[in-house]
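Residues in the sequence shown are numbered consecutively from 1246, following the numbering used here. Accompanying notes for the structure given below.
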Amino acid sequence: MKQLSFILLTALAFCWLSSAQAATATSQIHWHENYADAAKLSASTGKPIFLLFTGSDWCTYCIKLENEVFATPEFSQDLANRLIFVKLDYPPKASVPPQIKEQNEALKRKFNIQGFPTVILLDSKGGQIGVTGYKTGGGKSYADHIQKLLNNHSAYLQKMNTAESQKLSKAA
C-alpha cells in the first residue's frame, strides 16, 4: 500500500510540475498596449512587431485565437523572444484608458482594419511584412505560419538588395 501511495504521489507531483512549466511558457509573451513604446523597442532591438487587433470580450475568433494559439507553450516557445507583441483591443464591455482607445482607433484607420482578429507584422522600421488572422491548427502551426511570413519577407529583401547591388555594379 505504501508503494502505491508513493507512486500515486510521484505521478501527481510530475503532473503538477508539467502544468507549472506549461503555465510558465505561456506567460513568456509580453503584450504591450502602447504602440509608440513598442515601436521604439522594435527599432532598438531590430525585432519585428506583431500587432494584434482583437475584440477580446466579444469576437468569437479572437477568443479562439487567444485560447488555441497564444495560450499554448508551443507558440510562445517559438516566437516570444523573436517579436515585440502589441495587443490593440476593442472591447465594448470593458473600459480602456482614453489615450489607448485613441491610439487603437488611429491604428485601426491607419492599417484599414476591416475585421477581427487581424494580425499585422511590421519590420523594425514600421514597414509592413504581412497580414493574417485566425487559422486553425494550434500554437505550433500558427508559429510556423508567422515564421513563414517573416522568412518570405527576408527572402524578398535579400532579392531586392541583390538586384540593387547588381544594378549599381553595372552602372559603375
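A virtual CB, placed ideally from N, CA and C, is assigned to each residue, including glycine.
Judged by pairs of C-beta atoms under 8 Å, the segment 1405 to 1414 does not touch the segment 1327 to 1335, as fewer than three such pairs exist. With contacts defined by Cβ atoms closer than 8 Å, Ile-1374 and Leu-1394 form a contacting pair.
Around the CB of Tyr-1379, 16 or more other CB atoms lie within 10 Å, so the residue is classed as buried.
Boundaries of the beta strand (DSSP E) around Gly-1375: 1373 to 1377. In the three-state scheme derived from DSSP, where H, G and I count as helix and E and B as strand, Asp-1302 is classed as coil.
Rounded to whole angstroms, the gap between the alpha carbons of Pro-1337 and Asp-1302 is 8 Å. Assignment of His-1277 by DSSP, reduced to helix, strand and coil, places it in the strand class. One Cα belongs to Gln-1359, the other to Glu-1409, and the distance between them is close to 35 Å. For Phe-1320, the three-state secondary structure derived from DSSP is helix. Within the same chain, Cβ atoms closer than 6 Å to the Cβ of Ile-1345 are found at Glu-1278, the five residues on either side in sequence being excluded. Under the three-state reduction of DSSP, Lys-1346 is assigned to helix. Exclusion of the five residues before and after Tyr-1306 leaves Phe-1361, Pro-1362, Gly-1378 and Tyr-1379 as the residues of its chain whose Cβ lies within less than 8 Å of its Cβ. The DSSP-derived three-state label of Phe-1361 is coil.
Inclusion of Glu-1319 and Gly-1384 in the CB contact set at 8 Å is warranted, their separation being smaller than that value. In this structure, the straight-line span from the alpha carbon of Phe-1295 to that of Leu-1366 is close to 5 Å.
Asp-1282 carries a helical assignment under DSSP once its states are collapsed to helix, strand and coil.
Between Ser-1369 and Lys-1292, the C-beta spacing is below 8 Å. DSSP lists Phe-1298 as the beta-bridge partner residues of Leu-1333.
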